[in-house]
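*Asks:* My questions all concern the structure below.
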Amino acid sequence: MTVRVRPAEVRIDPEPGETVFAAAVRLGYRWPTICGGNGTCRTCVMTVESGRENCGPIGDLEAEGLDALKESKDGGHRLACQTTVTGDVVVTKRGVKRLPTEAAS
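Numbering (this note's numbering), first residue to last: -12 to 92.
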């Protein structure tokens, strides 16, 4: 299962049960957030372009966040820190990029 993130064309491969945000961090990507993936800042919101059927159900915390953002809960917008996937998904989220690696000493 792969999450393709546009416009940067980043590919993220979450482990089963791992959120999109957690997978991005594990793989060395910066995903815009303020709360660090706790579901409270809603900065990680992404637009699901395809593969909505492969996204896990929207939980209470995510539903509350989408309500606060005035986004519908039809699956078109999701919080990356709360969303798990079971198959391929294409999303749009600006600001996702590879973190610089530290130079070896």
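For every residue, glycine included, the Cβ atom is placed at its ideal position computed from N, Cα and C.
Rounded to whole angstroms, what's the CA-CA distance from lysine 60 to threonine 71? Just pull it up for me.
*Replies:* 15 Å
*Asks:* Looking only at C-alpha atoms, which of Met(-12), Asn41 and Val83 sits nearest to methionine 33?
*Replies:* Val83
*Asks:* How big is the Cα-Cα spacing for proline 1 and alanine 67?
*Replies:* 11 Å
*Asks:* Tell me whether the beta-carbon of serine 37 lies closer than 8 Å to the beta-carbon of valine 12.
*Replies:* No, the Cβ-Cβ distance between serine 37 and valine 12 is not below 8 Å.
*Asks:* Just the Cα atoms here: how many angstroms apart are cysteine 42 and proline 3?
*Replies:* 12 Å
*Asks:* Per DSSP, valine 78 is paired with what?
*Replies:* Val(-8) and Val35
*Asks:* Mark alanine 91 as exposed unless 16 or more other C-beta atoms lie within 10 angstroms of its C-beta, in which case mark it buried.
*Replies:* Bear in mind that a pLDDT of 41 at alanine 91, under 50, signals an unreliable position, so the number given afterwards is only what the model happens to contain. By the neighbour-count rule (16 or more Cβ atoms within 10 Å), alanine 91 is not buried but exposed.
*Asks:* Give the DSSP bridge partners of arginine 85, in chain order.
*Replies:* Tyr16
*Asks:* On the criterion of 16 or more Cβ atoms from any shown chain inside 10 Å, does glutamate 40 qualify as buried, or is it exposed?
*Replies:* Exposed, because fewer than 16 other Cβ atoms sit within 10 Å of the Cβ of glutamate 40.
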